[in-house]
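A.B. asks: Going by our numbering, the sequence shown opens with residue 99, and the numbers climb by one from there.
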Amino acid sequence: MKYSELASIYEALERTSKRLEKTYIISGLLKKTREEDIGRILLLIQGRLFPLWDETKLGVSDRLIIKAISLATGISPVKVEEEWKKLGDLGLVAEKLVQRKRQATLFSKELTVEKVFNNLRRLPALEGPGSVDQKVKVIAELLSCAKPLEARYVVRTVLEDLRVGVGAGSIRDAIVWAFFDKKVRVNYDEKEKTINPDNREEYNRLVEAVQHAFDLKADYGEVARMIMQKGENAFEELVLEPGKPINVMLYQKAKDLKDAFERVGKPCALEYKYDGFRCITGYTSLFVKNKGFVCVRDVREGDYVLTHKGNFKKVLATNKRRIDPGEKLFELTTYYGASFRVSEKHPLLVFRNKPSWVYVEDIKPGDKLVFPIPRLRGKDYLERLRGRLVLSDEAGYSKVLEMNDFFFRFLGYWVGDGFTNNYHNTERIGLIFNYKTQKDLCAFYEENIKKFFGISNIRRNIHNGAIYLYWRDKPFRRWLSCFFRREWKGKTLPEWFSSITEQQFRMFLKGWVESDGYVDEKGRTSIITKEKDLAMFVCLLGLKFKRMIGLKKVRVNGKT
99 MKYSELASIY EALERTSKRL EKTYIISGLL KKTREEDIGR ILLLIQGRLF PLWDETKLGV
159 SDRLIIKAIS LATGISPVKV EEEWKKLGDL GLVAEKLVQR KRQATLFSKE LTVEKVFNNL
219 RRLPALEGPG SVDQKVKVIA ELLSCAKPLE ARYVVRTVLE DLRVGVGAGS IRDAIVWAFF
279 DKKVRVNYDE KEKTINPDNR EEYNRLVEAV QHAFDLKADY GEVARMIMQK GENAFEELVL
339 EPGKPINVML YQKAKDLKDA FERVGKPCAL EYKYDGFRCI TGYTSLFVKN KGFVCVRDVR
399 EGDYVLTHKG NFKKVLATNK RRIDPGEKLF ELTTYYGASF RVSEKHPLLV FRNKPSWVYV
459 EDIKPGDKLV FPIPRLRGKD YLERLRGRLV LSDEAGYSKV LEMNDFFFRF LGYWVGDGFT
519 NNYHNTERIG LIFNYKTQKD LCAFYEENIK KFFGISNIRR NIHNGAIYLY WRDKPFRRWL
579 SCFFRREWKG KTLPEWFSSI TEQQFRMFLK GWVESDGYVD EKGRTSIITK EKDLAMFVCL
639 LGLKFKRMIG LKKVRVNGKT
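1. Kindly give me the distance between the Cβ atoms of residue 569 and residue 527, rounded to whole angstroms, as I take these residues to be in contact under 8 angstroms.
2. Per the contact definition of three or more C-beta pairs closer than 8 angstroms, is the segment 558 to 568 in contact with the segment 530 to 541?
3. What does residue 403 pair with, by DSSP beta-bridge criteria?
4. For residue 207, which residues in the same chain have their Cβ closer than 6 angstroms to its Cβ, ignoring the five residues on either side in sequence?
5. Between residue 617 and the rest of its own chain, which residues show a CB-CB distance below 7 angstroms, the 5 nearest in sequence each way excluded?
6. Would you kindly check if the distance between the Cβ of residue 302 and the Cβ of residue 283 is under 9 angstroms?
7. In chain order, which alpha helix (DSSP H) runs of at least 4 residues are fully inside the segment 114 to 183?
8. Taking just the CA atoms, how far does residue 606 sit from residue 190?
9. May I have the straight-line CA-CA distance separating residue 400 from residue 412, to the nearest angstrom?
10. Within 10 angstroms of its Cβ, does residue 165 collect 16 or more other Cβ (buried), or is it exposed?
11. Can you list, in chain order, the residues of its chain whose CB lies under 6 angstroms from that of residue 200, leaving out five sequence neighbours each side?
12. Looking only at its chain, what residues have a beta carbon closer than 7 angstroms to the beta carbon of residue 137, apart from the 5 residues adjacent to it on each side?
13. Please check the pair residue 160 and residue 389, which I expect to be a contact at CB under 8 angstroms, by giving their CB distance rounded to whole angstroms.
14. Using the C-alpha atoms, what's the distance from residue 596 back to residue 214?
15. I'd like the span of the alpha helix (DSSP H) that includes residue 275, first residue to last.
16. Would you decide whether residue 256 is buried or exposed? Buried here means 16 or more other CB atoms lie within 10 Å of its CB.
17. From residue 128 to residue 272, what does the alpha carbon distance come to, in whole angstroms?
18. Given the structure, does residue 440 come close to the ligand GTP, in the sense that its CB is under 8 angstroms from one of the ligand's heavy atoms?
19. So, helix, strand or coil for residue 258, using DSSP?
20. Considering only residues of the segment 305 to 335, which uninterrupted alpha helix (DSSP H) runs meet the minimum length of 4 residues and lie entirely inside it, listed in chain order?
21. Residue 665 and residue 626: beta carbons closer than 9 angstroms?
22. Looking at the unbroken beta strand (DSSP E) that takes in residue 221, where does it start and where does it end?
23. Runs of 4 residues minimum, wholly inside the segment 515 to 581: which ones carry the alpha helix (DSSP H) assignment?
24. I need the straight-line Cα distance from residue 635 to residue 155, nearest angstrom please.
25. Using 9 angstroms as the threshold, is the C-beta distance between residue 300 and residue 281 below it?
26. DSSP three-state label for residue 464, please.
27. Can you grab the Cα-Cα spacing for the pair residue 519 / residue 575, in whole Å?
28. Using C-beta distances below 7 angstroms, list every residue in its chain close to residue 140, excluding the 5 sequence neighbours before and after it, in chain order.
29. Under 9 angstroms between the Cβ atoms of residue 106 and residue 276?
30. Please determine if the segment 452 to 464 and the segment 480 to 499 are in contact, where contact requires at least 3 C-beta pairs separated by less than 8 angstroms.
31. Beta-carbon separation of residue 258 and residue 186 under 9 angstroms?
32. Taking all protein chains shown into account, decide if residue 198 is buried (16 or more other Cβ within 10 angstroms of its Cβ) or exposed.
33. Tell me, please, which residues DSSP counts as bridged to residue 599.
34. In this structure, how does DSSP classify residue 247 when only helix, strand and coil are distinguished?
35. Relative to the C-alpha of residue 600, which residue among 641, 590, 571 is closest?
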């Protein structure tokens, strides 16, 4: 199928707010879709590239999209960003700039659904040095071949923000309309936007059957494919597959046991269920992906919040209540300075010789609060490396770095006081030391960089009371810039860093303290950094290893 056909469907869906009209549009698309395309179409119509049960993310930021649009259209990133500020939607920006792009691509191929789908599904697999540029090129290739309307939806699909308002219910009903219309005759009135099935009871039965099939498969594409192959018999051949989670739904409350038996039938299994209400205040801190710890009241729909199981889950909706007149709020401050607020009558788990639940107003100074230790789950990147980082460049030069204690100590120091640049193709990596107090430390790092990184030519430059230690190392510079820089703005840590060992974390902290840390009069070690999300991530890593790290926001020269 041509992608332009799907783009026209997207546009039609975006134009209407009527649910039944959306269902009618989707059903029309499904009727003319071939079996080999049905899975892709039903994922793309939801703005997805992977089924609901697959947590794979594309990992493409707005900044990467800006670069891709610039590369595809020949318009500078600054101009692209200016258009973004005006339109507020990078999809519309791509559409506008592709419409008037300066360098038309000769002999560009017409986009197909298969081409777009397969190209975009490659993005999560692109990792390591140079992966950012590779992702940009993959997206830019599609935009170079795209018509203006196609460009709008390619960009929105990559950003996982399709904006066409299609819910699971519309897709479920569209499958019934498309494949069982002869049996139930939906009779959609295009003028009134209503339906009047010939057999309402049979229609409802088929809707429930499709819903049940989806609950077992968690993939409407697979459900539709089975129906296209076997018709209604597909419902009788549904089986669970190992490795593919089912779509679990909360069951409706029953009035009493009699009502419950009527709903589920006999015999049935019974079990105790302990229920409660999740209660937090607007000032309670949550760890949000790419934002760090933020107050609950600042969490937005679409943010990814770290759960007690160590997974990031998407916020689908938020709700808040007013504080009752006279209701008290209690602010608790930890030994390390972190603080949070809790409303009265809220129990917290306190350790007083043994764990017990205590209302916040009854907590006393010195009580030890019990919090869950996050089980962070990093990618298998480190596992695949097996302690040896193999790097190479396009010229064929390659090197192997042992990921030993010094390697992680170096990463810690570099995150604090290191730099990379490629001015005039210098491919530099460097560290900065205090000239008066860190000469010995500078000599230590210089010696070990030569020893473990295989660098023979290291230069020193003394400027403004600092020693600049730098050397040329193209593949390692690219690796550092890819994983530990936030483009040109600052430092960060990659997600896979959450899978490092306790010893590796200890060495990373040692290097970071050497560059950005100090010990105060109470013997507490502190690190000052302007990278909020970096600090938050390290706090979480500390908890993983049962190491408490506090966090405090300070202002230096009037700036945060």
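No residue lacks a Cβ here, since even glycine has one placed at the ideal position from N, Cα and C.
This one's a predicted model, so the numbers in the text were calculated from it and none came from an experiment.
C.D. replies: Taking the structure as given:
1. Within the sequence shown, the letter at position 471 stands for residue 569. Within the sequence shown, the letter at position 429 stands for residue 527. That belief holds up - the Cβ atoms of residue 569 and residue 527 are roughly 6 angstroms apart, short of 8 angstroms.
2. yes
3. Position 305 of the sequence shown, counting from 1, holds the residue named residue 403. Residue 403 is bridged to 386, 411.
4. Numbered from 1 along the sequence shown, position 109 holds the residue referred to as residue 207. So the qualifying residues of the chain are 243.
5. Working through the sequence shown from its first residue, we reach residue 617 at position 519. Result list for residue 617: 623, in chain order.
6. By 1-based counting over the sequence shown, the position of residue 283 is 185. By 1-based counting over the sequence shown, the position of residue 302 is 204. Not in contact: residue 283 and residue 302 (Cβ atoms no closer than 9 angstroms).
7. 117 to 129, 133 to 142, 160 to 171
8. The residue labelled residue 190 in the question sits at position 92 within the sequence shown. The residue labelled residue 606 in the question sits at position 508 within the sequence shown. Approximately 43 angstroms, taken between the alpha carbons.
9. One-based indexing of the sequence shown puts residue 400 at position 302. One-based indexing of the sequence shown puts residue 412 at position 314. Taking the straight line joining both Cα atoms gives about 6 angstroms.
10. Here residue 165 corresponds to residue number 67 of the sequence shown, with the count starting at 1. Residue 165 is buried by the Cβ-count criterion.
11. Counting from 1 along the sequence shown, the entry for residue 200 is found at position 102. Only weak support is given to the placement of residue 200: the predicted model assigns it a pLDDT of 45, under 50, and the value that follows is read from those uncertain coordinates. Correct list, in chain order: 172.
12. Along the sequence shown, one-based indexing puts residue 137 at 39. 319, 320, 323.
13. Translated into positions along the sequence shown, residue 160 becomes position 62. Translated into positions along the sequence shown, residue 389 becomes position 291. No, residue 160 and residue 389 are not in contact; Cβ-Cβ is about 14 angstroms, not under 8 angstroms.
14. Reading the sequence shown from its first residue, position 116 is the one you call residue 214. Reading the sequence shown from its first residue, position 498 is the one you call residue 596. About 32 angstroms.
15. To locate residue 275, count along the sequence shown from 1; it is residue 177. Looking at the DSSP string, the run of the alpha helix (DSSP H) that includes residue 275 is 266 to 277.
16. In the sequence shown, residue 256 corresponds to position 158, counting from 1. Residue 256 should be labelled buried.
17. Here the question's residue 128 lines up with position 30 in the sequence shown. Here the question's residue 272 lines up with position 174 in the sequence shown. Each residue's alpha carbon lies about 8 angstroms from the other.
18. Among the components modelled here there is no ligand, and therefore nothing to report on the ligand GTP.
19. Residue mapping note: residue 258 aligns to position 160 of the sequence shown, counting from 1. Coil.
20. 318 to 328
21. Residue 665 lies beyond the stretch modelled for the chain, which goes from 99 to 658, so this question has no answer here.
22. Numbered from its first residue, the sequence shown carries residue 221 at position 123. Taken as a continuous stretch (DSSP letters only), residue 221 belongs to no beta strand (DSSP E), as it is neither H nor E.
23. Fully enclosed alpha helix (DSSP H) runs of 4 or longer: 537 to 551.
24. As a position in the sequence shown, residue 635 is number 537, starting the count at 1. As a position in the sequence shown, residue 155 is number 57, starting the count at 1. Approximately 20 angstroms between the Cα atoms of the pair.
25. Sequence index remark: in the sequence shown, residue 300 carries index 202 (1-based). Sequence index remark: in the sequence shown, residue 281 carries index 183 (1-based). Yes, the pair counts as a contact, with Cβ atoms nearer than the cut-off.
26. As a working note, residue 464 is residue 366 in the sequence shown. Coil at residue 464, not helix or strand.
27. If you number the sequence shown from 1, residue 519 lands on position 421. If you number the sequence shown from 1, residue 575 lands on position 477. Taking the straight line from one Cα to the other gives about 8 angstroms.
28. Within the sequence shown, residue 140 is the residue found at index 42, counting from 1. Same-chain partners within the cutoff: 269, 318, 319, 322.
29. Taking the first residue of the sequence shown as 1, we reach residue 106 at position 8. Taking the first residue of the sequence shown as 1, we reach residue 276 at position 178. Against a cut-off of 9 angstroms, the Cβ pair of residue 276 and residue 106 comes out as no contact.
30. The segment 452 to 464 vs the segment 480 to 499: no contact.
31. What you label residue 258 is simply residue 160 of the sequence shown in a count that begins at 1. What you label residue 186 is simply residue 88 of the sequence shown in a count that begins at 1. Cβ atoms of residue 258 and residue 186: not closer than 9 angstroms.
32. Reading the sequence shown from its first residue, position 100 is the one you call residue 198. With fewer than 16 other beta carbons inside 10 angstroms of its own, residue 198 counts as exposed.
33. Within the sequence shown, numbered from 1, the residue matching residue 599 stands at position 501. As DSSP reads the structure, residue 599 sits in no beta bridge.
34. By 1-based counting over the sequence shown, the position of residue 247 is 149. Here residue 247 sits in helix by DSSP.
35. Sequence index remark: in the sequence shown, residue 600 carries index 502 (1-based). The candidate whose alpha carbon is nearest that of residue 600 is 641.
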